[in-house]
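Asker: In the numbering used here, the protein residues as written are 2 to 333.
Glycine residues also receive a C-beta, built at the ideal position from the N, C-alpha and C atoms.
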């Protein structure tokens, strides 16, 4: 009997023990998941905090680079470095100077290249992450290409190529000085407008070259032996390079040859060349006007509202005048 009671007591306690174990397991699972969530939240918060601090650090660097890139002193410093680089390239052409100071000149070249790399890094960082603002500008792309080409190692027979590529650094004066940049941009803009002038000049050159060949090739083959040589002679004449010598030689056989030469000088030099100059000057004036318009400060909102009110008042006065005329107009 006592044994049976013990068995029943044990059987009655088994569900309670199982329930206790289940509750303990559930508690452990909840505790584990809570700790995992807490750690995930802590890790995410730490990463977020690090990203925010890193982003602030990047913004500080970007703002600092923007101030440097926009400063006039930085622009003057770059121009001075380009001039120094040109002087170094000129000194390298002297055998005596290069033999005595060759190592110093090479060190100067390396310093110039390092400064150009630093300049490109500052300008790129200033516009990051909007890279198109830097690489979308043709002058910046030219400067960056010069730096990249300078980093390519050329040895042996290609060492001369490296020296010639260093000359491209001097061309950076054009991109560094706004006035020179304006002139080159004007010349590039003038190329489409020069098409008709070039066509007219080509027609005149061809007509005079064929006529000169037939008139003078027998007496003066040195200048008129072929059509190509005749065109080259006409180019010499249009530049006014000893053109009278060619004319006097032709006049020994044809006394009236001066008409041919004088008419070509008038057409080629005084008309065509001046047309080229006129096209360039016209585009230069337009480029200057655009630049001045860009440099002008933006119009304020108050000024725009003032102009709008003035326009509305003018329209109201015109409307009243029209109504007054309609009232004075006789009926019928």
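1. Rounded to whole angstroms, what's the CA-CA distance from residue 150 to residue 195? Just pull it up for me.
2. Relative to the ligand PLP, is the shortest distance from any of its heavy atoms to the C-beta of residue 268 smaller than 7 Å?
3. Of all the options 138, 273 and 247, which has the alpha carbon lying nearest to the alpha carbon of residue 204?
4. In this structure, does DSSP put residue 178 in helix, strand or coil?
5. Suppose you measure from the CA of residue 177 to the CA of residue 265; what does that come to, to the nearest Å?
6. I'd like the span of the alpha helix (DSSP H) that includes residue 258, first residue to last.
7. Tell me the residue span of the alpha helix (DSSP H) that contains residue 269.
8. Cutting at 6 Å between CB atoms, please list the residues of its own chain near residue 240, excluding the five before and the five after it.
9. Assess, as a yes-or-no matter, whether the stretch 173–190 is touched by the stretch 94–114 under the definition of 3 or more beta carbon pairs within less than 8 Å.
10. Which residues bound the alpha helix (DSSP H) around residue 311?
11. Taking Cβ to Cβ, would you say residue 234 is nearer than 8 Å to residue 247?
12. Whole angstroms are fine: how far does the CA of residue 249 sit from the CA of residue 181?
13. Residue 211: buried (16+ other C-beta within 10 angstroms of its C-beta) or exposed?
Answerer: Put simply:
1. Cα-Cα distance, rounded: 33 Å.
2. Absence of the ligand PLP is noted for the structure shown, with no ligands found whatsoever.
3. 273
4. In this structure, residue 178 counts as coil in the three-state DSSP scheme.
5. 41 Å
6. 258–266
7. DSSP places residue 269 in no alpha helix (DSSP H); its state is neither H nor E.
8. none
9. no
10. Per DSSP, residue 311 is one residue of the alpha helix (DSSP H) stretching across 302–329.
11. yes
12. 42 Å
13. Residue 211 is classed as exposed because its beta carbon has fewer than 16 other beta carbons within 10 Å across all chains shown.
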